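In the working numbering, the protein residues as written are 13 to 264.
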């Protein structure tokens with residue numbers, strides 16, 4: 013058991029920076045003042061996070077598994093584009109109200125993405141030297157559904173507070189990072205509504221600069237999350253095990 017716990021902590025520490033970075037990137041998407049592309053940008057960052065976590069554990073995800081793990085229930089452009097068609101003009105009229113709401117949404121989305129990535133990282137790592145991971149035992153679709161259920165039903169207030177506090181202290185930097193992203197996306201929307209590949213290419217041109225821009229925010233958020241009691245994360249792991257029919261004592 014002690015060996016298993018050590019492996020868990022090492023795997024978590026190794027991926028913590030990537031997890032926090034891409035949780036923030038996903039959270040920034042509501043702050044992009046470019047209509048119709050925030051969902052595509054959000055999808056890009058979620059897929060990048062999933063691929064990075066999988067690669068860190070030696071998993072080469074096929075297209076179906078990547079789609080299963082990176083998709084978000086209720087996501088997609090069909091409903092989102094309809095809503096944005098109605099809402100975006102209102103933002104121009106009620107700027108202050110929407111500014112507050114979008115910052116709240118950004119912090120909530122960052123927290124939700126962090127929890128999802130944390131549990132995905134846990135599901136990808138082997139329980140012991142030479143053992144099989146939860147992902148290998150249960151498959152991508154089952155793991156995604158179980159993680160979403162845990163995130164939906166479990167209290168996530170401790171991390172929400174850490175994220176919210178970091179965002180309140182970092183608005184200038186986060187606004188600047190969102191601005192870099194918006195500039196790249198505006199260039200392609202000037203030629204019409206872009207597709208997923210065009211959005212990905214636009215983001216890739218500014219992604220290194222984005223990472224440098226938010227370095228201090230990432231460090232601040234890592235420190236804040238490190239102060240969250242371990243019991244919170246232990247409970248999340250135990251709930252995921254239970255939903256997937258795994259014995260808690262067989263896991264770290």
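Each residue gets a CB set at the ideal place from its N, CA and C atoms; glycine is no exception. This one's a predicted model, so the numbers in the text were calculated from it and none came from an experiment.
- request: Return the chain-ordered list of same chain residues with a C-beta closer than 6 Å to the C-beta of residue 115, the five sequence neighbours on each side being excluded.
  value: Contacts found: none.
message: So for residue 54, helix, strand or coil by DSSP?
response: Correct three-state label for residue 54: helix.
query: If you drop the 5 nearest sequence neighbours on each side, which residues of the same chain put their C-beta closer than 8 Å to that of residue 30?
result: These residues qualify, in order along the chain: 61, 64, 65 and 68.
query: Among residues of its own chain, excluding the 5 on either side of residue 35, which ones have a beta-carbon nearer than 7 Å to its beta-carbon?
result: Once the five neighbours on either side are set aside, the close Cβ partners of residue 35 are 122, 125, 126 and 129.
- prompt: Once you ignore the five residues that flank residue 6 on each side, which residues in its own chain have a CB closer than 7 Å to its CB?
  reply: The chain is shown from 13 up to 264; residue 6 falls before or after that span and cannot be answered.
message: Judging by CA-CA distance, which residue of 168, 184 and 135 is the nearest neighbour of residue 256?
response: The shortest C-alpha separation from residue 256 is found at 135.
- prompt: CB-CB under 8 Å to residue 94, same chain, minus the five flanking residues each way: which ones, in chain order?
  reply: Reliability of the predicted coordinates at residue 94 is poor, the pLDDT of 42 falling under 50, and the value obtained from them is presented with this limitation in mind. Contacts found: none.
- prompt: With DSSP run on the structure shown, which of helix, strand or coil describes residue 169?
  reply: Per DSSP, reduced to three states, the secondary structure at residue 169 is helical.
- prompt: Alpha carbon to alpha carbon, how far is residue 252 from residue 226?
  reply: Distance between the alpha carbons of residue 252 and residue 226 is about 31 Å.
message: By the three-class DSSP mapping on this structure, what secondary structure does residue 242 have?
response: Of the three classes helix, strand and coil, the one that applies to residue 242 here is helix, per DSSP.
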